[in-house]
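Here the protein sequences come in this chain order: A and B.
If you use the numbering used here, the first sequence corresponds to residues 5 to 230, in order.
If you use the numbering used here, the second sequence corresponds to residues 49 to 538, in order.
This report concerns only the one structure given below.
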Amino acid sequence: MKEIIMNAIQKKQKALSEYDSKRVLSDVGVTITKEILVKTKDEALKAAREIGFPVALKGCSAELMHKTEYGMVKINLHTDEEVERAFDELVSKGMELDGILVQEMVDGDRQFVIGLTRDAQFGPCVMFGLGGIFTEVLHDVSFRVAPITMDDALEMIEEIRAKEILGPFRGSPAVNKEMLAKALVGVGNLGVKYDEIAEIDINPLIVCGNRPIAVDALVVLKQLPK
Amino acid sequence: MKDLTKLFYPTSVAVIGASEHILKWGSIIISNIMAGGFQGEVYPVTTSSELVYGKKAYKTIAEIGKPVDLVVITIPAHSVQSVIEQCASVGIKNAVIVSSGFSETNEEGKKLERQLAEFAHAKGMNIVGPNTMGMANFKINLHAMFSHVRLFAGGISLMAQSGNVGNQIMYWAEQQHIGLSKFVGSGNEAVLRCEDYLDYFYQDEDTSVIIMYVEGVDDGRSFMEAARKTTAKKPVVLLKGGRTSIGSKAAMSHTGALAGSIQIFRSAMAQCGVCMVDTQSELLTLAAAFDSMPLPKGNRVGVVTLGGGWGVITADECEEHGLLLPPLSRELMAKLDERLPHFWSKGNPVDLVGQPDPQLYKDSVEIMASSDLYDAIIVLGIINSFKSVLRLYEAAIRLGKEVKMDFVEMDKHLDGMQSAFLDNIAELMEKYEKPIYPVALISPPDQPVIHRSEKKGKYSAMIFKTPEEAVKCLAKQFRYAAYLKKLGRL
Chain A
5 MKEIIMNAIQ KKQKALSEYD SKRVLSDVGV TITKEILVKT KDEALKAARE
55 IGFPVALKGC SAELMHKTEY GMVKINLHTD EEVERAFDEL VSKGMELDGI
105 LVQEMVDGDR QFVIGLTRDA QFGPCVMFGL GGIFTEVLHD VSFRVAPITM
155 DDALEMIEEI RAKEILGPFR GSPAVNKEML AKALVGVGNL GVKYDEIAEI
205 DINPLIVCGN RPIAVDALVV LKQLPK
Chain B
49 MKDLTKLFYP TSVAVIGASE HILKWGSIII SNIMAGGFQG EVYPVTTSSE
99 LVYGKKAYKT IAEIGKPVDL VVITIPAHSV QSVIEQCASV GIKNAVIVSS
149 GFSETNEEGK KLERQLAEFA HAKGMNIVGP NTMGMANFKI NLHAMFSHVR
199 LFAGGISLMA QSGNVGNQIM YWAEQQHIGL SKFVGSGNEA VLRCEDYLDY
249 FYQDEDTSVI IMYVEGVDDG RSFMEAARKT TAKKPVVLLK GGRTSIGSKA
299 AMSHTGALAG SIQIFRSAMA QCGVCMVDTQ SELLTLAAAF DSMPLPKGNR
349 VGVVTLGGGW GVITADECEE HGLLLPPLSR ELMAKLDERL PHFWSKGNPV
399 DLVGQPDPQL YKDSVEIMAS SDLYDAIIVL GIINSFKSVL RLYEAAIRLG
449 KEVKMDFVEM DKHLDGMQSA FLDNIAELME KYEKPIYPVA LISPPDQPVI
499 HRSEKKGKYS AMIFKTPEEA VKCLAKQFRY AAYLKKLGRL
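Quick look at the structure:
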C-alpha cells in the first residue's frame, strides 16, 4: 500500500487511479467491487467472464478524476459483443490510460458516501453520508476527527438524518453496519498514517443485499510545494 | 501546564496607568477593583497624580517596593513593552494587558505583539490579552475588568474570546442570580491561549462548570486534548462564533466540498465531550443547570402539568430531543390515585387538569421523582400561577364587589408559598439525586432564573421560561451524562 502511494508521489500524480485507490482502501478494510485491470480486448473478455455478466468497463488513469464527464464509463454490459464494443469506444477516445478496468455491476437502491478531508484546525476527518446524485443537495453527512474507534464509527452512521434507510428497506435487509464502521475506521487510519493523502472519496458505496461495496473511489494526494 | 493560580488569586494588584477619569480605562479598572470589595493590596501606578481614589500612587512599578502578584496595564500600546520589562525586572509573573493597538490593528501592532510574546515566553510570564476587557475572580471580589457587575460567587468560570460577549453574559448572570467563579477575556491570546485557561479551570477547585465563547482555535488537536481531559471531570459549555466554511472551495473531492468547518467543529466537540450551544442565552442557562442541578442519569422523563396541551407540547419536544416519556407503572398509578382528584389524566404526563393546588403539585412531583422509572422530572405551570389569582380579585373589585383582602399581604403570602415550593424542589433534587425542571406559567422580566434559598443545600431550583427551554437543557445534560457513562465516570 505504501508503495502505491509513494510511486504516485514520485510520478507527481495528483491522485491515485480508481484501481489503485481501491487497492489502498481494500487494504484497510473497505469492501470493493470485483475488478480486473486489463490492457487488451481479449483480456477484457476473459475478465468479464471470470467476474460474471453484467459488467462495467471504465477507463483507468490517475489523470481521470471525473470519468463520467469524459464518457469513460460504460455500464450494464451483458454480452461479449457489448464488452468488445465498449472496449473499442473507451480506447478510441485517445486518452492516456493505465488500462481498462473490468468491474462487476453492483445492484442496490441504497447509496452512501465515505470520505476523508483535512480540516485546517483539526487535521484528518472522516465523513459518512447519503450518497448518489443527491449527496450535494441533501448534504446529509456526519463527521469525526480521525482516528476513530468502531464505536465512533457506529455513532456517526446513526447521525445522518436518513438513517432509516440503513434498516430493512423495500425488501432489502438491514445494512451491515459492522462493515460500514470498519470502512470508516480504515479510512480514518489512512488519513492519520499518510500525510501524503489529502482527501478520499468513496462515492458511491452501494449496498448490495446487506453488504456495502465501494463502486468508485478516489484518493487525492497532497500537492508538494514546487 | 502553566500555573495561573496567582493570576486568578492575587493578594496584591497594581494598575498601571491608573487615573480618576471616570470613563477611561485607567479609572474603569481601578475603581472596579476598589469599589468591588477586593481585600488585597491595590497599588495605582501613574506619573500624573499623587493619589488615585484616595490611594497613594507610585511613579513606577519598582517604586512600590513590595511584592505584586498581578499588574493590569491600561497605557497605550507603544509603551507596554518597556513596562512589561520593568515588571519582569522586579519579579512580576502575571499581567493583564487591556491596551489595544496590537495584532488586531496593523503590521506595526503585529510587531509589538510578537516582541511582547517572545519576551513573556522567555521570562515565563503569564499575560492575558492584549486587547482584552480584563479578568475577574468573584470568589475574592476581584473585578480587574470593564464590566462593573456585582454577582453571586458560584461555580461557573467563563472564558470569552470576545470581551463584549463576556460582558453580556456577566450582566445576564447578575440579573438571573447565576453565580460565577471567574471571567477572563482572552483578547489577542498573544501568550495565554484558550487551552491554557481551559487547563487552569480544569484543575481549579472553585470551578465546577466552564463556559467558553470561541471564534477559532489555532491548534484543534491540542484544544481537543485539553477539552477531553476537562470534560471527564467537569462540563464545558461552548458557543462557536463565525460559522463560515473556510477552504471548502479549494477542495478537489466531494468530501472536501461537503465539509463545512462548523460541522467538523461540532463533531470534534462532541468527540471530546464538550456541550455546544447555538446562542448566548443557552450558554448561560445550560451552564447554570449543570451548576445547580444533579445530572440526569438517563433519558426517561416524567412530566407533571397543569393542563393537557402543555403536556402534549412537552412530550413532542422530548421526543424530538431523544428523550422518552415512559408510562406510569401500576404502583405509581395507585399512589397518585390516592392523592389526586379522580379526574386526573392517569398517565405520563400527569395532568392535574387545572388544579393549581401547591400541595397536589408537591405530592405528585415527589411521587414521580421517587420512582425508578424516571431520570428527570419536568413540572409545568405551577410557578407564578398563584399570582394570576390576584387578577380575579382585581376584576371583581373593579366591578364593584367588596372584597376584604390586603393585596400587599396576599402578594407576600403567595411569594412565600412559591418560595417554599421551589425550596422543596431543591430538596427533592438532593433527596433523589435527580434533576427537576420547573417551567413558569408567567415569566415576569425581573424574576431571576435561579431561586436562591435561605437554606443552603447541595442544589438550587431553576425556573425555566418555556417547556422547550427546559427540554433542550435537559437533553444536553443527558448527552453529557451519557458521555460520562461511556467513559465509565458516571
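Here a beta-carbon is modelled for each residue, glycine too, at the ideal position from N, C-alpha and C.
Please read these numbers as outputs of a predicted model, since none were measured by experiment.
Cβ closer than 8 Å: which chain B residues qualify as neighbours of residue i?
i	result
S176 of chain A	Within 8 Å Cβ-Cβ: nothing; S176 of chain A doesn't reach chain B, min ~25 Å.
Against residue i, what residues of chain A qualify as contacts under a CB-to-CB distance less than 8 Å, listed in chain order?
i	result
V265 of chain B	Q125
G290 of chain B	Neighbours of G290 of chain B on chain A: none; closest Cβ ~12 Å, over 8 Å.
M207 of chain B	Result: empty, since nearest Cβ-Cβ is about 18 Å, beyond 8 Å.
M272 of chain B	F126, V149
S315 of chain B	C129, S146, F147, R148, V149, M160
Q216 of chain B	Residues of chain A passing the Cβ test: none, with the nearest at roughly 26 Å.
Which residues in the same chain have their Cβ closer than 7 Å to the Cβ of residue i, if we skip the five residues on either side of it in sequence?
i	result
M154 of chain A	A185, V189
A178 of chain A	L170, G171, P172, N214
A337 of chain B	M510, C521, Q525
P342 of chain B	M477, E481, K482, P483, Y507
A19 of chain A	A66, M69, L222, V223, V224, L225
Please work out which residues of its chain come closer than 8 Å, Cβ to Cβ, to residue i, disregarding the five sequence neighbours upstream and downstream, and give them in chain order.
i	result
A48 of chain A	V42, L61, V87, E88, F91, I104, V106
A275 of chain B	L246, V284, M317, C320, G321, V322
M453 of chain B	Y441
Q224 of chain B	L332, A336, P496, V497, I498
T35 of chain A	M183, A187, R215, P216, I217, A218
R387 of chain B	L408, D411, S412, I415
Can you pull the chain A residues whose beta carbon is under 7 Å from the beta carbon of residue i, in chain order?
i	result
Q311 of chain B	F147
Have a look at residue i and residue j and give me their C-alpha separation to the nearest angstrom.
i	j	result
G102 of chain B	K479 of chain B	51 Å
I294 of chain B	S309 of chain B	Reliability of the predicted coordinates at I294 of chain B is poor, the pLDDT of 48 falling under 50, and the value obtained from them is presented with this limitation in mind. Going from the Cα of I294 of chain B to the Cα of S309 of chain B covers about 7 Å.
Q129 of chain B	I145 of chain B	10 Å
I217 of chain A	T37 of chain A	6 Å
A298 of chain B	D123 of chain A	Confidence at A298 of chain B is low in this model, with a pLDDT of 44, below 50, so the placement of that residue is unreliable and no value is reported for it.
W392 of chain B	L371 of chain B	24 Å
T153 of chain B	S147 of chain B	12 Å
S505 of chain B	I473 of chain B	Checking the displayed sequence, the identity of residue 505 of chain B turns out to be Gly instead of Ser. C-alpha separation (whole angstroms): 11 Å.
E108 of chain A	F147 of chain A	30 Å
V149 of chain A	T279 of chain B	17 Å
G289 of chain B	R314 of chain B	12 Å
L374 of chain B	R114 of chain A	Reading the sequence as shown, one finds Pro at residue 374 of chain B and not Leu. Roughly 34 Å between the two C-alpha positions.
L470 of chain B	E222 of chain B	20 Å
E67 of chain A	E73 of chain A	13 Å
I121 of chain B	A238 of chain B	15 Å
E379 of chain B	M324 of chain B	39 Å
S436 of chain B	S501 of chain B	23 Å
A83 of chain B	N212 of chain B	21 Å
H82 of chain A	V95 of chain A	19 Å
N174 of chain B	I188 of chain B	20 Å
Determine the chain A residues that contact residue i at a beta-carbon separation under 9 Å, and present them in chain order.
i	result
G268 of chain B	D123, A124, Q125, F126, G127, V149
Q134 of chain B	The contacting residues do not exist; Q134 of chain B stays about 37 Å from chain A at best.
Q319 of chain B	R148, V149, I152, D156
Spatial neighbours of residue i within its chain, please: CB distance less than 6 Å, with the 5 preceding and 5 following residues excluded, ordered by chain position.
i	result
M300 of chain B	With a pLDDT of 48 at M300 of chain B, under the threshold of 50, the modelled position of this residue cannot be trusted, and the question is left open.
A208 of chain B	G214, G233, Y261
D102 of chain A	S21, C64, S65
E516 of chain B	E365
S151 of chain B	G157, K158, E161, N236
Kindly examine the ligand MN and report whether one of its heavy atoms sits closer than 7 Å to the Cβ of residue i.
i	result
I145 of chain B	Among the components of this structure there are no ligands whatsoever, and the ligand MN is therefore not found.
How about the region 90 to 102 of chain B and the region 56 to 75 of chain B: do they share at least three Cβ pairs that are nearer than 8 Å?
-> Enough Cβ pairs lie closer than 8 Å, so yes.
**Request:** Inspect the CB distances between the region 195 to 209 of chain B and the region 162 to 172 of chain B and report whether three or more fall short of 8 Å.
**Result:** no
Quick check on the DSSP output: what are the complete beta strand (DSSP E) runs of length 3 or more inside the region 205 to 263 of chain B, in order along the chain? Scanning the region 205 to 263 of chain B for uninterrupted beta strand (DSSP E) segments of 3 residues or longer gives 228 to 233, 257 to 262, listed from N- to C-terminal end.
Segment contact, 8 Å Cβ cut-off, at least three pairs: the region 114 to 128 of chain B with the region 152 to 167 of chain B:
Touching, yes.
Review point. For the region 220 to 237 of chain B against the region 512 to 529 of chain B, are there 3 or more C-beta pairs whose distance is under 8 Å?
Key: Flag = no, the region 220 to 237 of chain B and the region 512 to 529 of chain B do not touch.
Is it true that the region 198 to 211 of chain A meets the region 110 to 127 of chain A, where meeting means three or more beta-carbon pairs spaced less than 8 Å apart? Touching, yes.
Answer yes if the region 344 to 353 of chain B comes into contact with the region 396 to 411 of chain B, meaning at least three C-beta pairs across the two stretches below 8 Å, and no otherwise.
With a cut-off of 8 Å, the region 344 to 353 of chain B and the region 396 to 411 of chain B count as touching, because enough Cβ pairs lie within range.
>> Which runs of the beta strand (DSSP E) at least 3 residues long sit entirely within the region 422 to 471 of chain B? Give them in chain order.
In response: 424 to 431
| request: Please list the segments of the alpha helix (DSSP H) lying wholly inside the region 109 to 189 of chain A, counting only runs of 4 or more residues, in order along the chain. | output: 139 to 142, 154 to 162
| Along the chain, which unbroken stretches of the beta strand (DSSP E) at least 3 residues long are found entirely within the region 40 to 94 of chain A? | For the region 40 to 94 of chain A, the full-length beta strand (DSSP E) segments reaching 3 residues or more read 59 to 64, 77 to 81 along the chain.
Pick out the complete alpha helix (DSSP H) segments inside the region 294 to 382 of chain B, 4 residues or longer, and give them in chain order.
Every alpha helix (DSSP H) stretch that sits fully inside the region 294 to 382 of chain B and reaches 4 residues is listed by chain position as 302 to 306, 309 to 319, 328 to 340, 356 to 368.
Note to self: When you compare the region 103 to 112 of chain B with the region 129 to 138 of chain B, are there three or more beta-carbon pairs, one atom per stretch, that lie closer than 8 Å?
What the structure shows: Using a Cβ-Cβ distance cut-off of 8 Å, the region 103 to 112 of chain B and the region 129 to 138 of chain B are in contact, since at least three pairs of beta carbons, one from each stretch, lie closer than that value.
Three-pair Cβ contact test at 8 Å for the region 176 to 186 of chain B versus the region 266 to 273 of chain B = Between the region 176 to 186 of chain B and the region 266 to 273 of chain B, the count of C-beta pairs closer than 8 Å stays below three; the two stretches do not touch.
Taking only runs of the beta strand (DSSP E) that begin and end inside the region 88 to 134 of chain B, which ones reach a length of at least 3 residues, in chain order?
Complete beta strand (DSSP E) runs here, min 3: 89 to 93, 118 to 121.
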